[in-house]
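Taking my numbering, the leading residue of the sequence shown gets 713, the next gets one more, and so forth. Encoded as structure tokens, the structure appears first; notes follow it.
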Amino acid sequence: MHGAHRGEEKRYGVAHVMSNLDADGKPTIRISKASNYHWHTDKPYHPAPPMLTMLRAVEVPPKGAGRGGDTEFANTALAYDALPDETKRRIAALRVVFRPAFDDSRPAINHPLVRTHPDTGRKALYLGNHSTHILGMPETEGRVLLDELLAHATQPRFVYVHRWRVGDLVMWDNRCLLHRVVVDAAMGQYRRVMHRSVVRGTVPI
713 MHGAHRGEEK RYGVAHVMSN LDADGKPTIR ISKASNYHWH TDKPYHPAPP
763 MLTMLRAVEV PPKGAGRGGD TEFANTALAY DALPDETKRR IAALRVVFRP
813 AFDDSRPAIN HPLVRTHPDT GRKALYLGNH STHILGMPET EGRVLLDELL
863 AHATQPRFVY VHRWRVGDLV MWDNRCLLHR VVVDAAMGQY RRVMHRSVVR
913 GTVPI
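Rendered as structure tokens:
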């Protein structure tokens, strides 16, 4: 099991508590470059990022309070399949540099932009909020390409929205999915408490 980064989650055994609560236990909206409100895959800045994440809903905004607190999942394998052949050839050998959004001092890690799933053999885009640039490409050009691919991968046709109920347990594959928390006014009005665990994966290929 992977650990959590300091200041964002509290450790309880192998599970971590993730919430929108401030130091006084009141709900708040924390928007930052490190927040889970951006499309991301979990911990891609590790040499062997987690293959699976499990999230259990302990407290969620009430039904009818809006979409705040929902989780969106984008299928990057379907997104890759839908790319033009020319784009697939262009990105086939590219590598993405990842760095924690919350810690600029941590060494960067690079992984393939097109990742091959070790169990299914399917190819998927591997990118998200923690990707900074493309190795060996001018930074601006690489950033534009990453933004274009992220916009492609997060089109509604590739996205599933999970509306949480207390007690829900969702497990997903980080090797072919991006996710983010939906934020709206409800996130600043109602408590959202989740328990999370991640399962260590292998080096992306």
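Just so it is clear, CB atoms sit at the ideal spot from N, CA and C, and this is done for glycine as well. Quick caveat, the model's predicted, so the values are computed rather than measured.
- For residue 724, does the three-state DSSP call read helix, strand or coil? Translated into positions along the sequence shown, residue 724 becomes position 12. Residue confidence for residue 724 is low, a pLDDT of 34 falling below 50, so the modelled location carries little weight and cannot support an answer.
- Query: If you draw a straight line from the C-alpha of residue 902 to the C-alpha of residue 736, how long is it?
  - Reply: Reading the sequence shown from its first residue, position 190 is the one you call residue 902. Reading the sequence shown from its first residue, position 24 is the one you call residue 736. Distance between the alpha carbons of residue 902 and residue 736 is about 14 Å.
- Task: Assuming residue 893 and residue 792 form a contact by the criterion Cβ under 8 Å, report the distance between their Cβ atoms to the nearest whole angstrom.
- Result: Counting from 1 along the sequence shown, the entry for residue 893 is found at position 181. Counting from 1 along the sequence shown, the entry for residue 792 is found at position 80. With a Cβ gap of about 24 Å, residue 893 and residue 792 do not count as contacting.
- Item | Closest by C-alpha distance to residue 812, when choosing among 739, 842, 898 | Here residue 812 corresponds to residue number 100 of the sequence shown, with the count starting at 1. Checked all of 739, 842, 898; the closest Cα to residue 812 is 842.
- Item | Nearest residue (CA-CA) to residue 848, options 840, 868, 866, 824 | Residue 848 sits at position 136 when you count from the first residue of the sequence shown. Of the candidates 840, 868, 866, 824, the one whose C-alpha sits nearest the C-alpha of residue 848 is 824.
- Would you decide whether residue 769 is buried or exposed? Buried here means 16 or more other CB atoms lie within 10 Å of its CB. Translated into the one-based positions of the sequence shown, residue 769 becomes position 57. Buried, because 16 or more other Cβ atoms sit within 10 Å of the Cβ of residue 769.
- Message: Going by C-alpha to C-alpha distance, which of 779, 780, 832, 838 sits closest to residue 756?
- Response: Here residue 756 is taken as the residue at index 44 of the sequence shown, counted from 1. Answer by Cα proximity: 838.
- Query: Since residue 864 is in the alpha helix (DSSP H), which residue starts that stretch and which ends it?
  - Reply: Within the sequence shown, the letter at position 152 stands for residue 864. From DSSP, the alpha helix (DSSP H) with residue 864 extends over 851-865.
- Determine which residues share a DSSP beta bridge with residue 883 and list them. Position 171 of the sequence shown, counted from the first residue, corresponds to residue 883. Answer is 766, bridged to residue 883.
- Bounding residues of the alpha helix (DSSP H) (the contiguous stretch that carries residue 791): The residue labelled residue 791 in the question sits at position 79 within the sequence shown. Taken as a continuous stretch (DSSP letters only), the alpha helix (DSSP H) holding residue 791 covers 788-793.
- Compute every distance between the C-beta of residue 753 and the non-hydrogen atoms of the ligand FMN, then say whether any falls below 7 Å. Inclusion of the ligand FMN in the displayed structure is not the case, the ligand content being empty and no account of it being possible.
- Item | Endpoints, beta strand (DSSP E) assigned at residue 908 | Position 196 of the sequence shown, counted from the first residue, corresponds to residue 908. First-last of the beta strand (DSSP E) with residue 908: 905-912.
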